[in-house]
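Read the structure below first, then the notes.
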Amino acid sequence: MARITSINARIIHNSRGSKTIEVDVISDNQYLGRTSAPSGASVGKYEAVSFPENGPEQSLRILNENSEKFLEFESSDMKSIDETLKSIDKTSDYSKIGGALAYAVTIASMESASKASGKQLFELISEQNEYRFPIPIGNILGGGVHAGPGTPDIQEILISAPSAKTIRDAIETNFAVHSELRNVIEKTDPSFTNGRGDEGGWAPKCDNEKALELCAKACENLGYTLGNEVSLGVDFASSTQWNEEKMYTNMIGQDFRTLQKSKFNLLQILLKNTN
């Protein structure tokens with residue numbers, strides 16, 4: 197297998213204009229793997245820290261100081277690469293080097309290995325012999341930290357077309373629902389200004405249940421049946437909703453003693469609008 201002959205990184209900007217890191221791994225002086233690290237507006241409670249205290253510049257500096265430790269590893273040797281990353285970091289959450297750097301180094305190495313082997317990346321990391329295209333998921337309505345006060349607490353309401361015959365059909369279905377949802381929102385709220393969250397989902401002023409009803413209505417208007425041609429999904433970003441000190445969810449607005457009942461009521465709303 198091909199061996200890593202160089203590893204370099206640079207600072208780039210993501211779709212929000214925030215700094216992140218991009219890593220190049222080259223094997224046998226010719227097989228380039230390149231990966232940029234994503235970063236979200238909301239962060240899970242147990243997620244690795246994206247960047248150290250001084251930002252991606254510190255991650256870049258640490259990689260430059262330790263790049264030789266990766267040279268001559270086989271680019272497909274994830275065990276050695278991961279162990280080296282952990283030995284440099286020495287924390288439980290990658291707070292020294294940044295989880296973004298660890299991610300980018302790992303994926304760039306695998307991409308380099310896939311090119312060297314003549315296989316697609318998905319073939320290299322999977323033990324399956326049969327493959328199918330993934331179904332793309334679209335963000336159609338945003339709330340929470342993606343959209344700000346007055347919008348739903350649910351951070352993302354998502355659309356997918358699981359029965360689509362092609363990726364193009366699935367993407368076009370997602371776009372159609374996104375477009376129709378704007379019409380539905382405008383009819384419900386004439387004051388709607390076409391505001392969007394930072395990932396493109398519409399951001400109306402409404403509660404969680406109404407948001408799901410609007411999305412379901414958009415699907416219905418296009419002749420789609422939920423659970424058949426299309427499916428709705430939700431991303432709660434639940435760690436941003438939980439108040440650790442007061443022991444209640446900001447989303448539900450009830451204390452811990454009634455949380456179980458609240459979870460049941462929310463489940464009913466989801467089942468009603470996402471099947």
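Going by my numbering, the sequence shown opens with residue 197, and the numbers climb by one from there. For each residue, glycine too, the CB sits at the ideal point set by N, CA and C. Remember, it's a predicted structure, so these values are computed and weren't measured experimentally.
Selection Asn424, Arg364, Tyr242 and Glu264 evaluated against Ser288 yields Tyr242 as nearest (Cα-Cα). Rounded to the nearest whole angstrom, the CA to CA distance from Ile207 to Glu253 is 7 Å. Residue Gly396 holds the alpha-carbon nearest to the alpha-carbon of Arg212 among Lys406, Phe329 and Gly396. Around the beta carbon of Met197, a 10 Å sphere encloses fewer than 16 other beta carbons of the protein chains shown; the residue is thus reported as exposed. In this structure Val245 is not in contact with Gly314, their Cβ atoms being roughly 36 Å apart against a cut-off of 8 Å.
In this structure, DSSP gives Tyr327 a state outside helix and strand, which the three-state scheme calls coil. Taken in chain order, the whole alpha helix (DSSP H) runs of length 4 or more contained in the segment 269 to 322 are 274 to 285, 295 to 313 and 317 to 321. Per the C-alpha coordinates, the member of Ser255, Phe247, Ala304 and Asp431 positioned closest to Ile203 is Ala304. When beta bridges are read from the DSSP output, Leu354 appears opposite Asn335 and Gly429. Between the segment 327 to 345 and the segment 357 to 371 there are three or more C-beta pairs closer than 8 Å, enough to call the two in contact.
Listed as beta-bridge partners of Leu422 by DSSP are Val426. Asn379 is positioned such that its CB atom lies no closer than 9 Å to that of Ala357.
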